[in-house]
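Taken in order, these protein sequences are the chains called G and C.
Going by the working numbering, the first sequence opens with residue 4, and the numbers climb by one from there.
Going by the working numbering, the second sequence opens with residue 4, and the numbers climb by one from there.
Cβ coordinates follow ideal geometry from the N, Cα and C atoms, glycine included.
Predicted model, so just to flag it, every value in this text is computed and none were measured.
Just below is one structure, and these are the notes that go with it.
Number of protein chains: 2
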Amino acid sequence: MRDVAQAADVSIKTVSNVINEHPNIKTGTRERVLLAIEKLGYQPNLSARGLRSGRTDVISLIIPDLKNAYFAELADAVMTAASKRGKVVIIEQSGGLRERELEILHGPRMRMVDGVLYSVLGLSQEDADLIDIPTPIVLLGERIFHGPADHVTMQNIEASQAATEHLLQRGRTKLLAFGAHRNEVIGSAGLRLEGYRRALRNAGLEYRDELAIDVQLWHRSDGAQAMRQVLESGLAFDGVVAFNDSLALGAMRVMQDAGLKIPEDVAIIGFDDIDETRYSLPTLSTIDPGRREIAETAVVMLLERIEGAAAPAAAREFEAEFKVISRESTAIPSSHGANA
Amino acid sequence: MRDVAQAADVSIKTVSNVINEHPNIKTGTRERVLLAIEKLGYQPNLSARGLRSGRTDVISLIIPDLKNAYFAELADAVMTAASKRGKVVIIEQSGGLRERELEILHGPRMRMVDGVLYSVLGLSQEDADLIDIPTPIVLLGERIFHGPADHVTMQNIEASQAATEHLLQRGRTKLLAFGAHRNEVIGSAGLRLEGYRRALRNAGLEYRDELAIDVQLWHRSDGAQAMRQVLESGLAFDGVVAFNDSLALGAMRVMQDAGLKIPEDVAIIGFDDIDETRYSLPTLSTIDPGRREIAETAVVMLLERIEGAAAPAAAREFEAEFKVISRESTAIPSSHGANA
DNA sequence: ACAGCAGATTACATCGTTGGAACGAATTTG
DNA sequence: CAAATTCGTTCCAACGATGTAATCTGCTGT
């Protein structure tokens, strides 16, 4: 920068002023400086800027696992939203582990970013005060409500209710709630189970506890495993509301291996609208959770917090719009039978 | 830091020395300082450290697209390898666009990271000098060989040859090379086609150009689209060597829709061993490219470049070990027929 | 008892940038 | 025409850490 100043025959501070687009610079001066910058290939030292101004234009995104398609697509949406606004994203994988999440939240790296988007998995409502850190933060996901921070999420209950109704409308009545976490009221699992129950209630159907299948982890292998057990148990069902797409895809694969036809014998709908659902055999009906809207809103809210001024003092809540995506796995078959 | 020094009754520099584990500190002093750090909850300012020491412990990973499962899994592997060594990763998505890649490589953000892992897609051999930037860099992928930088990749030719032989051993002789880029010698497509040709030659079979199916992009939808055209054209084949898993999955879906049985009518093998291949119907045989080894090696090489000392001056090349993963899509059927 | 020396600590300058006050020049005002 | 105001620029200090060199301890050996 010193060299640029010399080349343009101005002071260092004027160069800085030009770069930061301060008011009150003569057009002639500006052009001379820009020319010198160009000629010398000058690039600002971001560490120095960060030190002096307290801003790094880096935000951190804490997610459980990038191998999980939902989070990969979320990360993509967040990075795109951030990039549009001149920020870059550091991704930190927590594995959904409580200890690791706390370590990240309270680690020194937090001091090098302007803010954090934290996809909560390891912490829960009681830990709300643990996320009260000096770095601006916006929460994603369902595990902490009414905490001290802004919160962006999807309409879990309503979406799950809509998914369930989607199957009911197609004449299915014995529906598995696939992926429940018993004893959990909050969190995606709890909320989605609640939506399932509401849909049944509205349809005048009774909630049967044995149809709520507990699956702790929501990877494909867990879905496959759990469906294998269901089939062995001989439980009768003609529809599946899977609490995410991976579970649904794993389960679907096992049902097909067992000779069940989808959607003729069993209709199934998932959650998240990951890319893969458009290419499975059959294609999987699912809930589009409004991922882009979630990412955009979260980034905007975070930037408002960082700027300081634009945002109200109180924590905000935002729920994105969802959509039911109807595909082959819940198509209306000409005729259908029940299963074992 | 000032406060810590005061609390421990030492100078600021001693605090710095303790943190950086300098030699020659009395155990008593060290403990007093550590206690003060603990008590005051001190955390170093990484921008300041970065400014003074020139190191930020951040590395950048440039990839085309995080929504692509291969790159999501690669990013995960890189982040895990980096995390083990105390580095964090900034991910930059290039979309595989030449302009965007150059912009990232020459942007000011490069000056805030210690090094870059660059998964080349937009540039090619002739651009080798454009990647000669002041920041340490390690290349991933196939498009630039013998450039000025270290390079980590997989054994494309050998792996493709092995994949092709895998099908030949199972009695298939009319094999599509699915995902070729005509007129491209270098790059994954060119190398994999070469491996395919070598396998045919070794088996005494003739290379038939119409069996090399050109597919420019390697997403699932492109695979589906291309396979649709192949089926319409009436080209006869009984095996497919797809140049990545997404292409294979897209193609598989279309073939099944058309009533072809896999592996009975057509056997198919992909490339990359993405998670999804374990859960498709049928499960997809593929090539494990040695992703973890690639990521680990690339990170280690980059860190060596950053440290400066450990590495030889000349650019290094490294090829990871691959494995053929045999699954249902190439299982040996009791009997099989040809297709239209 | 004192020079000599190594180990432990400190003072000071510095990394590259930006905020704020001060300054000189140009312009407007009474 | 002098004084007040605005504009454009410069000077200086500071952000929080670390490298270098200097300093201060306490110990050894003669």
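CB contact flag (Q128 (chain C), R146 (chain C), <9 Å): As a working mapping, residue 128 (chain C) is identified with position 125 in the second sequence. As a working mapping, residue 146 (chain C) is identified with position 143 in the second sequence. It is a contact, given that the beta carbons lie within the stated cut-off.
G4 (chain G) in three-state terms, based on DSSP: Translated into positions along the first sequence, residue 4 (chain G) becomes position 1. It should be pointed out that residue 4 (chain G) corresponds to Met in this sequence rather than to Gly. Looking at M4 (chain G) - three-state DSSP - the assignment turns out to be coil, as it is neither helix nor strand.
Assigned exposure category for G110 (chain C) - 16 Cβ within 10 Å defines buried: Numbered from 1 along the second sequence, position 107 holds the residue referred to as residue 110 (chain C). Classification of G110 (chain C): exposed, given that the 10 Å Cβ count is below 16.
Contact check, I277 (chain G) vs I271 (chain G), beta carbons under 9 Å: Translated into positions along the first sequence, residue 277 (chain G) becomes position 274. Translated into positions along the first sequence, residue 271 (chain G) becomes position 268. Cβ distance not < 9 Å, so I277 (chain G) and I271 (chain G) don't count as in contact.
CA-to-CA distance, P47 (chain G) to N27 (chain C), given in whole angstroms: Taking the first residue of the second sequence as 1, we reach residue 27 (chain C) at position 24. Taking the first residue of the first sequence as 1, we reach residue 47 (chain G) at position 44. Roughly 37 Å between the two C-alpha positions.
Nearest candidate by alpha-carbon position, reference R295 (chain G), set G:A51, G:L126, G:A78, G:E24: Residue 295 (chain G) sits at position 292 when you count from the first residue of the first sequence. Comparing Cα-Cα distances from R295 (chain G) to each of G:A51, G:L126, G:A78, G:E24, the minimum goes to G:A78.
Length-filtered (3 minimum) beta strand (DSSP E) runs lying within the region 72 to 115 of chain C: 91 to 96
Under the three-state DSSP convention, the category G340 (chain G) falls into: As a working note, residue 340 (chain G) is residue 337 in the first sequence. Note that G340 (chain G) scores a pLDDT of 45, beneath 50, so its modelled location is shaky; the value from the coordinates is reported in the next line. In this structure, G340 (chain G) counts as coil in the three-state DSSP scheme.
Simplified DSSP state of K374 (chain G), which is helix, strand or coil: Residue coverage of chain G in this structure runs from 4 to 343, which leaves residue 374 (chain G) outside it and unanswerable.
Residues bridged to E320 (chain G) [DSSP beta-bridge criterion]: As a first step, residue 320 (chain G) is located in the first sequence; it is residue number 317 there, counting from the start. Beta-bridge pairing links E320 (chain G) to G:H154.
C-alpha distance - G31 (chain C) paired with A11 (chain C), whole-angstrom precision: Counted from its first residue, the second sequence places residue 31 (chain C) at position 28. Counted from its first residue, the second sequence places residue 11 (chain C) at position 8. About 11 Å.
CA-to-CA distance, A254 (chain G) to D217 (chain G), given in whole angstroms: The residue given as residue 217 (chain G) occupies position 214 in the first sequence. The residue given as residue 254 (chain G) occupies position 251 in the first sequence. Their backbone Cα atoms lie some 13 Å apart in a straight line.
Min CB distance T59 (chain G) to chain C below 9 Å: Within the first sequence, residue 59 (chain G) is the residue found at index 56, counting from 1. Chain C contact via Cβ: present.
Contact check, V327 (chain G) vs D291 (chain G), beta carbons under 9 Å: Here residue 327 (chain G) refers to the residue found at position 324 when the first sequence is read from its first residue. Here residue 291 (chain G) refers to the residue found at position 288 when the first sequence is read from its first residue. Yes, the Cβ-Cβ distance between V327 (chain G) and D291 (chain G) is below 9 Å.
Within-9 Å CB hit, A78 (chain C) to chain G: Along the second sequence, one-based indexing puts residue 78 (chain C) at 75. Yes, because at least one Cβ of chain G sits closer than 9 Å to the Cβ of A78 (chain C).
Stretch pair the region 64 to 83 of chain C + the region 298 to 310 of chain C: three plus CB contacts closer than 8 Å: yes
Close-in-space but distant-in-sequence residues of the same chain around S142 (chain C) (CB under 6 Å, 5 per side omitted): If you number the second sequence from 1, residue 142 (chain C) lands on position 139. A small correction: the amino acid at residue 142 (chain C) is Leu; Ser does not occupy that position in the sequence shown. Cβ neighbours of L142 (chain C) beyond the five flanking positions: Y121, V123, A152, H154.
Residue closest to G262 (chain G), alpha-carbon to alpha-carbon, out of G:R175, G:N247, G:R231: In the first sequence, counting from the first residue as 1, residue 262 (chain G) sits at position 259. Nearest C-alpha to G262 (chain G): G:R231.
Range of the contiguous beta strand (DSSP E) that encloses S122 (chain C): For this step, residue 122 (chain C) is matched to residue 119 along the second sequence. Taken as a continuous stretch (DSSP letters only), the beta strand (DSSP E) holding S122 (chain C) covers 118 to 122.
Validate contact between the region 241 to 259 of chain G and the region 191 to 204 of chain C using beta carbons, cut 8 Å, 3 pairs: no
Under the three-state DSSP convention, the category S329 (chain C) falls into: Here the question's residue 329 (chain C) lines up with position 326 in the second sequence. In this structure, S329 (chain C) counts as coil in the three-state DSSP scheme.
Start and end residues, beta strand (DSSP E) containing I271 (chain C): On the second sequence, position 268 is the one that residue 271 (chain C) refers to. Looking at the DSSP string, the run of the beta strand (DSSP E) that includes I271 (chain C) is 270 to 272.
A51 (chain C) to G98 (chain C) span [Cα, whole Å]: Within the second sequence, numbered from 1, the residue matching residue 51 (chain C) stands at position 48. Within the second sequence, numbered from 1, the residue matching residue 98 (chain C) stands at position 95. Whole-angstrom Cα-Cα distance: 33 Å.
Cross-strand partners of D217 (chain G) (DSSP beta bridge): By 1-based counting over the first sequence, the position of residue 217 (chain G) is 214. Partner(s): G:A183.
CA-to-CA distance, D268 (chain C) to H339 (chain C), given in whole angstroms: In the second sequence, counting from the first residue as 1, residue 339 (chain C) sits at position 336. In the second sequence, counting from the first residue as 1, residue 268 (chain C) sits at position 265. Confidence at H339 (chain C) is low in this model, with a pLDDT of 46, below 50, so the placement of that residue is unreliable and no value is reported for it.
Same chain, Cβ closer than 8 Å to R325 (chain G), five either side skipped, listed in chain order: Within the first sequence, the letter at position 322 stands for residue 325 (chain G). Sequence inspection shows Phe at residue 325 (chain G); the Arg mentioned does not correspond to that position. Excluding sequence neighbours, F325 (chain G) sits near M157, Q158, E161, A162, A165, I290, D291, P292, G293.
Rounded separation between V92 (chain G) and L214 (chain C) - CA only: Stepping through the first sequence from its first residue, residue 92 (chain G) is reached at position 89. Stepping through the second sequence from its first residue, residue 214 (chain C) is reached at position 211. Taking the straight line joining both Cα atoms gives about 43 Å.
Short-range partners of chain C found in the region 271 to 302 of chain G, where Cβ spacing is below 7 Å: D278, E279, Y282, L284
Residue span of the beta strand (DSSP E) that contains I290 (chain C), given as start and end: Reading the second sequence from its first residue, position 287 is the one you call residue 290 (chain C). 289 to 291 is the span of the beta strand (DSSP E), which, as asked, contains I290 (chain C).
H149 (chain G) versus G:P336, G:A323, G:R319, residue with shortest Cα-Cα distance: Position 146 of the first sequence holds residue 149 (chain G). Minimum Cα distance to H149 (chain G) is reached at G:R319.
Contacts of S236 (chain C) in chain G (Cβ-Cβ under 9 Å): By 1-based counting over the second sequence, the position of residue 236 (chain C) is 233. Residues of chain G passing the Cβ test: none, with the nearest at roughly 22 Å.
Rounded Cβ spacing between L305 (chain G) and P139 (chain G) (contact assumed at less than 8 Å): Here residue 305 (chain G) refers to the residue found at position 302 when the first sequence is read from its first residue. Here residue 139 (chain G) refers to the residue found at position 136 when the first sequence is read from its first residue. That belief holds up - the Cβ atoms of L305 (chain G) and P139 (chain G) are roughly 6 Å apart, short of 8 Å.
Burial state of Q219 (chain G) (16 or more Cβ within 10 Å): By one-based count along the first sequence, residue 219 (chain G) stands at place 216. By the neighbour-count rule (16 or more Cβ atoms within 10 Å), Q219 (chain G) is not buried but exposed.
Short CB-CB distance (under 9 Å) between T333 (chain C) and chain G: As a working note, residue 333 (chain C) is residue 330 in the second sequence. So, not an interface residue.
Chain G contact residues for P47 (chain C), given Cβ-Cβ distances below 8 Å: Here residue 47 (chain C) corresponds to residue number 44 of the second sequence, with the count starting at 1. Simply P111, R114.
Close-in-space but distant-in-sequence residues of the same chain around E322 (chain G) (CB under 7 Å, 5 per side omitted): Locating residue 322 (chain G) in the first sequence gives position 319, where the first residue counts as 1. T156, M157, Q158.
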